[in-house]
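Below: one structure, written as structure tokens.
As structure tokens, this is what we get:
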């Protein structure tokens, strides 16, 4: 196949913006280039006067005082169960070009270093049972003889009024901050205030840095203050929903209904957050079918109010989880929009006028796409993490040849380690050994006529393409165990470091670690997460047309 070699490579989609973002102070290895975000301008709107409850929290994660006259959830219901509104919600993810003064090589190095840290710690998370599965915790608590409360079901947020139309938001790439993650603008509280949160399909908990911020990283804008929001409510430690989160170690005894529910959440890159588990209203900006703009808010979204937070969050105010577990934003929106969401990331070389999309709900245009393929999500084992979207790889193909990779390379172990996930929080694609070495050797064997060079470790092989207008590179695809095949365009698995060097954008991990299909390989594919039918969909797409 033929690749038109471009002169500029930008790793990720970026948004147009006006608010400057700064990286956190816990990792000075990453570039601290400026980045900005366009907040949605809120006109006067009557829907912002909806909820009258409020609450506050102290620093000790022990008690919380509610205002008098505060309304609570209906008696006997652990989670609201509103009538479903299965509507399509489309979030526009704005793109802009990378900064002219950004150094491509350094961006690649920074993203790769962070990816490797993330993978190593995701492996630790599985083995050490960090953030033990919420479902497992609930089952254990229900097995206890003294447990008398009703079983907790999957949570669902509730709309203040019927939600329909398309939700419009923005997404900012962290490339200028040395991050391979995506940032989304959200509006939290009553009245709504703007925060920039990292999107992550590899985690569940939604959380924001909260006042009082005892130990927090730097972020763009002010910290969230529960006292400023009339819709904030703490979840008490004896509420069944408290069992959905991991408690700090050692856990605090629950002494009464006025004591808040403490949580602790640990991430793949070693970052973590600790605070109070609570409820809040998230406001959305909807584009109606007629093209107009309408503001709605969704009540009772479970989130973490983080007072102790550290890690590589690069100027964000917190994180919005899109994982498979019950706490994620995607799972909580299921009662409103059904059990699927999708995204389509535009080509990284696109200009600032085009946008990526994140869609909640069934997308009929995608489902009718003639080149839409599906592979089943792999069945989780007892020790695996319920957050991740596992897929079962059989092998990979280079230039049409199925490589001979030991079958056990792709399997989850009895302890839940290994396997392959698709992840928006990892930049490149990583395959466990010996798969990576076999893939690398296949490319070296099949690529002829170009000078093999050192390039940019750890990326390899790399080739000198100086003076070459067009290159011929082998095809690459993933073969799944159910027979599905995912073929990639060459720009999704080779990366141009500068005008003279191109490298394979795939790396290796240890034999027992996760294999990960990262966001670089997902660009210009419409990716569908269908949890109802337990399948992953992917269709080649010009994403600026979605």
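In mature numbering (1 follows the signal peptide of the UniProt record, and there is no 0), the protein residues as written are -21 to -1, 1 to 525. Note that CB positions come from ideal geometry on N, CA and C, so glycine has one too.
Contact belief for residue 486 with residue 413 at Cβ below 8 Å, rounded distance in angstroms:
So it is not a contact: roughly 14 Å between Cβ atoms.
Going by C-alpha distance, which of 227, 258, 235, 257 is nearest residue 243?
Distances from the alpha-carbon of residue 243 to those of 227, 258, 235, 257 put 227 closest.
Can you give me the C-alpha to C-alpha distance between residue 360 and residue 398, rounded to a whole angstrom?
10 Å
Run of the beta strand (DSSP E) containing residue 422, from where it starts to where it stops:
No beta strand (DSSP E) holds residue 422; the alpha helix (DSSP H) holding it covers 414 to 425.
Can you have a look at residue 451 and say buried or exposed, based on whether 16 or more other CB atoms are within 10 angstroms of its CB?
exposed
Per DSSP, what are the beta-bridge partners of residue 284 in this structure?
187, 255
Please say whether residue 194 and residue 289 have beta carbons closer to each other than 8 Å?
yes
Measuring only the C-alpha atoms, how far is residue 204 from residue 463?
48 Å
Given a cut-off of 8 Å on the beta-carbon distance, is the pair residue 499 and residue 466 in contact?
no
Tell me the residue span of the beta strand (DSSP E) that contains residue 475.
473 to 477
Please work out which residues of its chain come closer than 7 Å, Cβ to Cβ, to residue 295, disregarding the five sequence neighbours upstream and downstream, and give them in chain order.
Contacts found: 162, 175, 176, 177, 198.
Under a three-way DSSP split, which group does residue 518 fall into?
strand
Cα-Cα separation between residue 443 and residue 517, rounded to whole angstroms:
32 Å
Which value, in whole angstroms, describes the spacing of the CA atoms of residue 384 and residue 202?
49 Å
Let's see if you can read the secondary structure: which residues bound the beta strand (DSSP E) around residue 244?
In the DSSP annotation of this structure, the continuous segment of the beta strand (DSSP E) that includes residue 244 starts and ends at 240 to 245.
Report the CB separation of residue 240 from residue 261 in whole angstroms; it is logged as a contact under 8 Å.
Contact flag wrong, Cβ pair sits at about 19 Å.
Consult DSSP for residue 430 and reduce its assignment to one of helix, strand or coil.
strand
Given a threshold of 16 other Cβ atoms within 10 Å of its Cβ, counted over all protein chains shown, does residue 459 qualify as buried or as exposed?
Buried, by the Cβ-count rule.
Span separating the alpha-carbon of residue 373 from that of residue 231:
46 Å
Exposed or buried, residue 171, counting other C-beta atoms within 10 Å across all chains shown (16 or more means buried)?
buried
From 166, 236, 355, 305, pick the residue whose C-alpha is nearest to that of residue 224; which is it?
Selected option, being the one with the closest Cα: 305.
In whole angstroms, what separates the C-alpha of residue 416 from that of residue 259?
48 Å
I'd like to confirm the pairing. Which residues does DSSP put opposite residue 376 in its beta bridges?
According to DSSP, residue 376 bridges with 381, 456.
Measure the Cβ-Cβ separation of residue 338 and residue 368 and say whether it is below 8 Å.
no
Suppose the cutoff is 8 Å on Cβ atoms and the five residues either side in sequence are ignored; what does the same chain contact list for residue 614 look like?
Here the chain has residues from -21 to 525 only, and residue 614 is not among them.
For residue 350, is the classification buried or exposed, using 16 other Cβ atoms within 10 angstroms of its Cβ as the cut-off for buried?
exposed
Pull up the distance between the alpha-carbon of residue 297 and that of residue 165, whole angstroms please.
11 Å
Could you check which residue in 169, 489, 493 has the C-alpha nearest to that of residue 277?
169
Given residue 282 as reference, the closest of 475, 189, 347, 480 once Cα atoms are compared
189
With DSSP run on the structure shown, which of helix, strand or coil describes residue -9?
Here residue -9 scores only 34 on pLDDT, less than 50, and its place in the model should not be relied on; the value that follows carries that caveat. It is coil, neither helix nor strand.
Give the straight-line distance between the Cα atoms of residue 254 and residue 449, rounded to the nearest whole angstrom.
54 Å
Secondary structure of residue 402, DSSP reduced to three states:
DSSP places residue 402 in the coil class of the three-state scheme, outside both helix and strand.
Could you tell me the distance, in whole angstroms, from the CA atom of residue 191 to the CA atom of residue 207?
12 Å
When the Cα atoms are used, what is the spatial distance from residue 409 to residue 489?
10 Å
Taking the C-alpha atoms as reference points, what is the distance between residue 324 and residue 514?
20 Å
Within its chain, find whatever has a CB closer than 6 Å to the CB of residue 251; leave out the 5 residues flanking it on each side and keep chain order.
245
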